[in-house]
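Engineer:
Residue numbers (this note's numbering): 14 to 371.
Encoded structure:
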């Protein structure tokens, strides 16, 4: 079905234009052929409106003979000309009969008037064909844009799933390694750590199924992880968290900060004889959430052999969610290594009711 037929407002406007054309035609009959106005209106208006509906037919011809198809331009042109002439002949035949029925005493239609009416019908049909090609082209462009957008969204979701698949085994392996290290020397601590790890994994799996989570939930998960690590490090690991209430309400991808905190312990505190501090600070500044994760490190120690997987994953996930609007910077200075993140928070505040993606 022609899309215009399902849109009452658009169809009304379209037929209104043909009604205006019919009024002009009625005026010509009244002025040049000396028809009475009632007969002129009754003769021209129905024919004009009827041909307006007929001129919706090129939509089907345009779809059957697309410009970008394999057919040559000549074939397309001949198809439309043939349809226009056939339609015009039928319309003129019906029109002449109808007009004579409305004004039996009027002068008969001359050959020139009939040819003029046929030419007008053919031209109007071809004009309708051109307009339909324009609208079909715009419709195809819009469909192409929607498909490209859907493809981009699907690709981004696939990328995020792949990144999460890399992150989850990473912190699971590190945690199990820590439990194994304690099992022989401090079995009670290992048991406590295993219980904490079970709760931590349960929460991480729940959050991992969400599109975004409030920073407050991410911090709660980090607190569980740090509590597990404090069993292993004891007083060597100090934790400081200073995040404003406004920043805690900001949304971010789940499990985004986990690799950064792991790195802070693995490459910082773990390598210091006296231990060190892991600090997390966050504020909202001019529509952006700014978060920093810092850790003490031994500036004189031999550099580690890390692969940088954690930082790469975090950077990639930020880019996938926020594009160039998100930033991640690292700055080792004065015995402290700081990772600074920032991302836009406009229209990104979430609450506990965030739904899981299905």
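Note that beta-carbon positions come from the ideal geometry of N, C-alpha and C, so glycine has one too. Only a predicted model underlies this, so the values are computations on that prediction, with no experimental measurement involved.
Could you name the residues that DSSP lists as bridge partners for residue 295?
Structural biologist: DSSP output for residue 295 lists 256 and 304 as bridge partner(s).
Engineer: Helix, strand or coil: how does DSSP classify residue 352 here?
Structural biologist: Strand, per DSSP.
Engineer: Is it buried or exposed for residue 368, if we count other Cβ within 10 angstroms and need 16 for buried?
Structural biologist: Residue confidence for residue 368 is low, a pLDDT of 38 falling below 50, so the modelled location carries little weight; the figure read from the coordinates is stated next. Per the 10 Å Cβ criterion, exposed.
Engineer: How many whole angstroms separate the CB atoms of residue 249 and residue 282, which I take to be in contact at a CB cut-off of 8 Å?
Structural biologist: About 7 Å separates the two Cβ atoms, so the contact holds.
Engineer: Could you check what DSSP says for residue 51 in three-state terms: helix, strand or coil?
Structural biologist: The answer is helix: DSSP assigns residue 51 an H, G or I state.
Engineer: Quickly, what does DSSP pair residue 289 with across the bridge? List them, please.
Structural biologist: In the DSSP output, where bridge partners are listed per residue, residue 289 has 250.
Engineer: Buried or exposed for residue 25, going by 16 or more other Cβ atoms inside 10 Å?
Structural biologist: That one is exposed.
Engineer: Taking only the alpha-carbon atoms, compute the straight-line gap between residue 358 and residue 256 and give it to the nearest angstrom.
Structural biologist: C-alpha separation (whole angstroms): 15 Å.
Engineer: In the structure shown, what three-state DSSP assignment does residue 71 receive?
Structural biologist: The answer is helix: DSSP assigns residue 71 an H, G or I state.
Engineer: How many angstroms separate the CA atom of residue 133 from the CA atom of residue 97?
Structural biologist: The alpha-carbon atoms of residue 133 and residue 97 are separated by roughly 10 Å.
Engineer: By alpha-carbon positions, which one of 205, 267 and 155 ends up nearest to residue 224?
Structural biologist: It is 267 whose Cα lies nearest to the Cα of residue 224.
Engineer: Is the stretch 60 to 68 touching the stretch 76 to 92, taking contact as three or more C-beta pairs under 8 Å?
Structural biologist: Touching, no.
Engineer: To which residues of the same chain is residue 142 closer than 7 Å at the C-beta, ignoring the five residues directly before and after it?
Structural biologist: Excluding positions up to five away in sequence, the list reads 71, 74, 75 and 93.
Engineer: As a quick exercise: from 330, 188, 205 and 196, pick the residue whose alpha carbon is nearest that of residue 214.
Structural biologist: When only C-alpha atoms are compared, the closest one is 188.
Engineer: By the three-class DSSP mapping on this structure, what secondary structure does residue 384 have?
Structural biologist: The structure shown does not extend to residue 384, since the chain is modelled only from 14 through 371, so no value can be given for it.
Engineer: Check whether the Cβ atoms of residue 352 and residue 273 lie closer than 7 Å to each other.
Structural biologist: Cβ atoms of residue 352 and residue 273: closer than 7 Å.
Engineer: Residue 33 to residue 45, Cα distance in whole Å?
Structural biologist: Residue 33 and residue 45: Cα-Cα distance of roughly 18 Å.
Engineer: How would you call residue 38, buried or exposed, if buried means at least 16 neighbouring beta carbons within 10 angstroms?
Structural biologist: Per the 10 Å Cβ criterion, buried.
Engineer: Spatial neighbours of residue 192 within its chain, please: CB distance less than 6 Å, with the 5 preceding and 5 following residues excluded, ordered by chain position.
Structural biologist: Contacts found: 203, 206 and 207.
Engineer: Going by DSSP, which residues form a beta bridge with residue 340?
Structural biologist: Partner(s): 355.
Engineer: So what's residue 80 in DSSP terms, helix, strand or just coil?
Structural biologist: Coil at residue 80, not helix or strand.
Engineer: How should residue 330 be labelled, buried or exposed, when 16 other C-beta atoms within 10 angstroms of its C-beta is the threshold for buried?
Structural biologist: Label assigned to residue 330: buried.
Engineer: May I have the straight-line CA-CA distance separating residue 324 from residue 259, to the nearest angstrom?
Structural biologist: Computed Cα separation, rounded: 26 Å.
Engineer: Which residues mark the beginning and the end of the alpha helix (DSSP H) in which residue 39 is found?
Structural biologist: Looking at the DSSP string, the run of the alpha helix (DSSP H) that includes residue 39 is 21 to 45.
Engineer: On the premise that residue 234 lies in contact with residue 304, defined as a C-beta separation below 8 Å, what is that separation, rounded to the nearest angstrom?
Structural biologist: Going by Cβ atoms, the distance from residue 304 to residue 234 rounds to 14 Å, so no, they are not a contact pair.
Engineer: State the Cα-Cα distance for the pair residue 263 and residue 227, rounded to the nearest angstrom.
Structural biologist: Cα-Cα distance, rounded: 5 Å.
Engineer: Distance check for residue 311 and residue 245, CA to CA, integer angstroms please.
Structural biologist: Cα to Cα, the separation comes out at about 20 Å.
Engineer: Near residue 101, what residues of its chain come up, given a Cβ to Cβ distance below 6 Å and the 5 sequence neighbours on each side ignored?
Structural biologist: So the list reads 131, 134 and 135, once near-sequence residues are dropped.
Engineer: Output needed for residue 50: all residues of its chain with C-beta closer than 8 Å, excluding positions within five of it in sequence on either side, in chain order.
Structural biologist: 39 and 43.
Engineer: So is residue 300 buried or exposed if we call it buried at 16+ other beta carbons inside 10 Å?
Structural biologist: Under this definition residue 300 is an exposed residue.
Engineer: Check whether the Cβ atoms of residue 240 and residue 209 lie closer than 7 Å to each other.
Structural biologist: Yes, Cβ-Cβ distance for residue 240 and residue 209 is below 7 Å.
Engineer: Mind checking residue 289: buried by the 16 CB within 10 Å criterion, or exposed?
Structural biologist: Buried is the call here.
Engineer: How many angstroms separate the CA atom of residue 10 from the CA atom of residue 200?
Structural biologist: It is not possible to answer for residue 10, since the shown part of the chain is limited to 14 through 371.
Engineer: Residue 293 and residue 242 - do their beta-carbons sit closer together than 7 Å?
Structural biologist: No, these two residues do not count as a Cβ contact at 7 Å.
Engineer: Is the distance from the Cβ of residue 11 to the Cβ of residue 115 below 7 Å?
Structural biologist: In the structure as shown, the chain begins at 14 and stops at 371. Residue 11 is therefore absent and cannot be evaluated.
Engineer: When we look at the beta-carbon of residue 103 and count the other beta-carbons within 10 Å, is it buried (16 or more) or exposed?
Structural biologist: With fewer than 16 Cβ atoms within 10 Å of its Cβ, residue 103 is classed as exposed.
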